[in-house]
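Chains as they are written, first to last, in this note's numbering: chain B, 786 to 935; chain L, 786 to 935.
The C-beta atom is built at its ideal place from N, Cα and C for all residues, glycine as well.
Below is one structure, written out as structure tokens; comments come after it.
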DNA sequence: GCAAGATAGTTACAGTTGAAACTAATTGCA
DNA sequence: TGCAATTAGTTTCAACTGTAACTATCTTGC
């Protein structure tokens, strides 16, 4: 390739973006159609399914989402009684979040669906390829963070 | 990992999303601050730098963007005289797009910056790792498209 | 040669987004 | 104690997004 011309279709950031958008859209459709959840809401649910009792800010850290996005996702889920919120008595700014019964029920249904999508996505990769992918994603993510940090 | 609990931080779609968002945000900052371009505008520019004379619809295909997004990006770039548009005399619905002088000047500056970011992102990967990444991205993208299609 | 459908591109609209400003509560420190 | 700085979380606002509807042009089949 000529040095003065860039092949967008081989450019790593572009390729990552196309892959991620394809995957995210497919999953968003499932979450929305079958469970009425947005992607941010699904992420909040996943964080609380794994780590019950997190505060909204801790959810934001775990999920790499903006605190505004988390606030709105939590608010919508509270309206639907998918979550329970308990204000911390020691620090009344904080509130501990857990999955309520309805939220836990959706979580139990959605986890196998998410796993199944992941499995189908990766199933044509060999064991070695899957291990390599794992390692490469970790390395690239760490590096991207370093670059952004300065 | 318990079958009933999903580790979000190991979930492939989530990891792709975090990596892509980190990369896209870093690049968007550069494009915006140094060249006044949005990501869609940069993509339009990249497509036309590589393939001068594409129509807006062809740009949308090459860049995997929505035609509305392309229309708006093109419109903003025409306002700044970064692009030239020539209506096709054989089919007056179509219009051929090329980089105008100002657009070509920005393109010449931005391509090395984009390349440098990509190089820094991948520089701690061995040759073999880079080749593996290339292959894995292509496979996953193809597979994601298959799943979405059917 | 002309109505019915297809295609390029734009506009309108309703929903989503994040930065910045805000409220309320807590902490640090003089 | 008391006041400035910090932190949790929400609200506001302006920008961006994609779907659907639209205009204008072209193609097809009769």
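In terms of CA proximity to residue 864/B, 822/B leads the group 879/B, 899/B, 877/B, 822/B.
For residue 848/L, the uninterrupted alpha helix (DSSP H) segment begins and ends at 841-848. Among the CB atoms of chain L, one or more fall inside 7 angstroms of the CB of residue 808/B. If you check the CB distance, residue 854/B and residue 804/L do not come in under 7 angstroms. For the 7 angstroms CB-CB criterion, residue 790/B and residue 835/L form a contact.
Neighbours of residue 869/B in chain L, taken as residues whose beta carbon is under 9 angstroms from its own, are absent, since the nearest beta carbon is some 18 angstroms off. Per the C-alpha coordinates, the member of 817/L, 929/L, 827/L positioned closest to residue 792/B is 827/L.
Taking a C-beta cut-off of 9 angstroms against chain B, the contacting residues of the region 786-808 of chain L are 788, 789, 790, 791, 792, 793, 794, 795, 796, 797, 798, 799, 800, 801, 802, 803, 804, 805, 806, 807, 808, listed in chain order. In the structure shown, residue 874/L falls within a coil segment according to DSSP collapsed to helix, strand and coil.
Counting only Cβ-Cβ distances below 8 angstroms, residue 834/B has contacts in chain L at 790, 791, in chain order.
Taking a beta-carbon distance threshold of 7 angstroms, residue 823/B does not count as an interface residue toward chain L. Each of 795/L, 796/L, 811/L was checked against the Cα of residue 935/B, and the nearest Cα belongs to 811/L. The C-beta distance from residue 880/B to residue 841/B rounds to 7 angstroms, short enough to fall under 8 angstroms.
Residue 868/B holds the alpha-carbon nearest to the alpha-carbon of residue 838/B among 868/B, 788/B, 920/B. Residue 869/B is bridged by DSSP to 883/B. Residues of the same chain with a CB within less than 6 angstroms of the CB of residue 830/L, apart from the 5 flanking positions on each side, are 892 in chain order. One Cα belongs to residue 919/B, the other to residue 788/L, and the distance between them is close to 20 angstroms. For the pair residue 832/L and residue 815/L, the CB atoms are not nearer than the 7 angstroms cut-off. Just so you know, the alpha carbons of residue 825/L and residue 820/B end up roughly 31 angstroms apart. Taking the C-beta atoms as reference points, residue 848/B is found no nearer than 7 angstroms to residue 933/L. The beta carbon of residue 928/B sits closer than 7 angstroms to some beta carbon of chain L. For residue 839/B, not one C-beta of chain L is nearer than 7 angstroms to its own C-beta. With respect to chain B, the C-beta atom of residue 856/L has no partner C-beta closer than 7 angstroms. The Cβ atoms of residue 800/B and residue 922/L lie closer than 7 angstroms to each other.
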